[in-house]
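Trainee:
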Amino acid sequence: MLNDSFRYDTGNLCGDGIPLQAIVQAVGTPVYVYSATRLRHNAARLQRAFAPLKAELHYSLKANPNLTLVRILSQAGLGADVVSAGEVDRALRAGVDPARIVFAGVGKTPVEIAFALQARIGWFNVESPDELALLDRLAAEEGYTPQVALRLNPGIHAQTHPHIATGHAGAKFGMPSDVVASLLAVRHAYPHLRLVGIHVHIGSQLGSVTETVEAVRLAQTLAAPYSDVRTLNIGGGFPVPYTTDDRYPPLEEFAQALAPLVCDWRVLAEPGRAVVADAGVLLISVTTVKEQGGQRFVVTDGSMTDLLRPALYGATHQVVPLVERDETLAPAVVTGPVCESTDVLHRAALLPPLRSGDLLAVLTAGAYGMAMASNYNLRTRPPEVLVEDGGWRVIRRRETWDDLLRLETEALGGVSAL
Ligand code: LLP
């Protein structure tokens, strides 16, 4: 969706006033472009919405771990929600205060836990009894006592795509309420941990606030007998609209629904998508256009390797031309060149007549875009550009073929890229 940062100005799609065409001329396509202004705006909006809950916000790095973006968000006052030692490392390098790092994840390895303990991160969200015992042992060895929240699987089906629902009984995430209850009852058996919280994250792109409220209530009921367990990590999941037809509750509605419940609680949250999704676009070029099977296929140099969400979740991202055109719009299947039928960026984009070389923007691509990009078909991952203070700069360069070969141990010489 277009917004205050990404919109047309005298017929040209701009990022905070900078014509995106100028960036393409310099850097080529495909390329991700982010708006620093929009990032800061989103961070401030979350901070405002959650101020009545005094919530401590942790940006979920998995949505977009680009160092520069994490640094901006850290400077804007957000901590970090991480799910791997790699993300711990990235958050630290971006300048996030270790005390403001929350480590979630269903299968943290001993090596990852030890690394995070050494870094003195503030919180672990623990997802199994085994992990709790392991963490206690490693914390003893490290001589550091972290805060711990037990991740509750509340047995609630979130209204969202099944691939990104995490709070129902069949999901691998967290622990059912009876297990959480029994661990809370013996929490003093883990003397090297401060087991003071409960964590719930029931899914991403949540379609309603009801299930979140229900999950928080259950967490509170479980913690009620223990006056030292008064922290609630409510996870992330706050949805964003991808098209003008999308009807999701705004994040303010989540905050308002929870505020009356959590007055006496310390609250943490882990938003990812709501921070970065609409702060990024993916720019692509049309390679060829062909009509077949009654459809117009617009084949582009962008692909599922750059933006996996349409292929993986059937997600819809609006696709618009970089130069506004006053011509009749007709549906087109926007695809990439990858050898998979599911290599689709949009199944029915309304676009003007197009030909080779025309430029398009895939909107609302800042979250889970570059983060999930791959080198399938030996495609190099796109560069990332940041628009800030009336200018723009490359914050991650385009990969080269040398980059792709760097880890292969029997590589010979060759050209580095086209
Ligand atoms: N906390 C935990 C424990 C999570 O698992 C996640 C996301 C978040 C926070 C942040 O959720 P958000 O605020 O971004 O909804 N690749 C998928 C989304 C996967 C989300 C995984 N966990 C997509 O492209 O839609």
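With the sequence shown counted from 1, adding 153 to any position gets you this note's numbering.
Note that CB positions come from ideal geometry on N, CA and C, so glycine has one too.
Say the cut is 8 Å; is the CB of M577 nearer than that to a heavy atom of the ligand LLP?
Mentor: There is simply no residue 577 to check, as the chain begins at 154 and stops at 571 in what is shown.
Trainee: What is the rounded straight-line gap between the Cα of R253 and the Cα of V339?
Mentor: Cα-Cα distance, rounded: 27 Å.
Trainee: Comparing alpha-carbon positions, which option in T469, D234 and G433 lies nearest H314?
Mentor: Measuring from the Cα of H314, the nearest candidate turns out to be T469.
Trainee: Taking just the CA atoms, how far does V487 sit from S494?
Mentor: Approximately 12 Å between the Cα atoms of the pair.
Trainee: Check whether the region 212-222 touches the region 243-252, taking contact to mean three or more Cβ pairs, one atom from each stretch, closer than 8 Å.
Mentor: A contact exists between the region 212-222 and the region 243-252.
Trainee: Do L173 and the ligand LLP come close, with the Cβ less than 8 Å from some heavy atom?
Mentor: Checking the Cβ of L173 against the ligand LLP gives no.
Trainee: Alpha carbon to alpha carbon, how far is V442 from V332? Give it in angstroms, no decimals.
Mentor: Looking at the two C-alpha atoms, the distance is approximately 56 Å.
Trainee: Run the Cβ filter for me: residues under 5 Å from any heavy atom of the ligand LLP, listed in the order they occur in the chain.
Mentor: Listed by chain position, these are S213, A216, A257, I317, H354, S357, G388, G389, G390, E423, P424, G425, R426, R462 and Y521.
Trainee: How big is the Cα-Cα spacing for F407 and L231?
Mentor: Spanning the two alpha carbons is a distance of roughly 18 Å.
Trainee: With DSSP as the reference, label N278 as helix, strand or coil.
Mentor: Here N278 sits in strand by DSSP.
Trainee: According to the neighbour-count rule (16 or more other Cβ atoms, all chains shown, within 10 Å of its Cβ), is T262 buried or exposed?
Mentor: Looking at its Cβ environment, which holds fewer than 16 other Cβ atoms inside 10 Å, T262 is exposed.
Trainee: Do you know how far the Cα of L539 is from the Cα of A422?
Mentor: Near 26 Å, if we compare the C-alpha coordinates of L539 and A422.
Trainee: Hey, how far is the Cα of F326 from the Cα of L565?
Mentor: In a straight line, the C-alpha of F326 is about 44 Å away from that of L565.
Trainee: Quick check: what's the CA-CA separation for E405 versus G350?
Mentor: If you take the alpha carbons of E405 and G350, they lie about 24 Å apart.
Trainee: Helix, strand or coil: how does DSSP classify Y529 here?
Mentor: In this structure, Y529 counts as helix in the three-state DSSP scheme.
Trainee: Indicate whether N386 and A302 have their beta-carbon atoms separated by less than 9 Å.
Mentor: Yes, the Cβ-Cβ distance between N386 and A302 is below 9 Å.
Trainee: Would you report the Cα separation of T396 and M154, rounded to the nearest angstrom?
Mentor: T396 and M154: Cα-Cα distance of roughly 5 Å.
Trainee: At the level of alpha carbons, what is the spacing between E265 and I176?
Mentor: Taking the straight line joining both Cα atoms gives about 39 Å.
Trainee: Under the three-state reduction of DSSP, which class applies to R193: helix, strand or coil?
Mentor: R193 falls in the helix class under three-state DSSP.
Trainee: Which residues mark the beginning and the end of the alpha helix (DSSP H) in which Y466 is found?
Mentor: First-last of the alpha helix (DSSP H) with Y466: R462 to Y466.
Trainee: In its own chain, which residues sit with a C-beta less than 6 Å from the C-beta of V259, not counting the 5 before and 5 after it?
Mentor: Counting only Cβ-Cβ distances below 6 Å, and skipping sequence neighbours, we find E280, K325 and F326.
Trainee: Which residue wins for smallest C-alpha separation from G168, given the options G320, R426 and A432?
Mentor: Answer by Cα proximity: A432.
Trainee: Taking 8 Å as the limit between beta carbons, can you name the residues of its chain near V366, skipping five residues before and five after?
Mentor: Excluding sequence neighbours, V366 sits near A410, L411 and L414.
Trainee: Quick one: grab the DSSP three-state call for S438.
Mentor: Of the three classes helix, strand and coil, the one that applies to S438 here is strand, per DSSP.
Trainee: Rounded to whole angstroms, what is the Cα-Cα separation between L270 and A292?
Mentor: Taking the straight line from one Cα to the other gives about 7 Å.
Trainee: Between which two residues does the alpha helix (DSSP H) containing I176 stretch?
Mentor: Per DSSP, I176 belongs to the alpha helix (DSSP H) from L173 to V180.
Trainee: Taking 9 Å as the threshold (C-beta atoms), are A311 and G356 in contact?
Mentor: Contact: yes.
Trainee: If I follow the unbroken beta strand (DSSP E) through T117, where does it start and stop?
Mentor: Within the shown structure, residues of the chain are numbered from 154 to 571, placing residue 117 beyond reach of any answer.
Trainee: To the nearest angstrom, how far is it from the Cα of R551 to the Cα of L435?
Mentor: In a straight line, the C-alpha of R551 is about 13 Å away from that of L435.
Trainee: Quick check: the region 179-195 against the region 216-234, are at least 3 beta-carbon pairs closer than 8 Å?
Mentor: Yes, since at least three Cβ pairs between the region 216-234 and the region 179-195 fall closer than 8 Å, the two stretches touch.
Trainee: Name the residue from A202, L557 and L288 whose alpha carbon lies nearest to the alpha carbon of P344.
Mentor: Looking at the Cα atoms, L288 is the closest of the given residues.
Trainee: Counting C-beta neighbours from all protein chains within 10 Å, is the total for A162 16 or more, i.e. buried, or is it exposed?
Mentor: Note that residue 162 is Asp in the sequence shown, not Ala. Its Cβ having fewer than 16 others within 10 Å, D162 is exposed.
Trainee: Note down, in chain order, each residue of its chain lying with its Cβ closer than 7 Å to the Cβ of L336, except the 5 sequence neighbours on either side.
Mentor: Excluding positions up to five away in sequence, the list reads P282, L285 and L303.
Trainee: Could you check if R508 is buried or exposed, using at least 16 other CB atoms within 10 Å of its CB as the buried criterion?
Mentor: Exposed is the call here.
Trainee: For V452, which residues in the same chain have their Cβ closer than 8 Å to its Cβ, ignoring the five residues on either side in sequence?
Mentor: For V452, where only same-chain residues beyond five positions count, the Cβ hits under 8 Å are V439, T440, T441, V442, K443, T488, G489 and P490.
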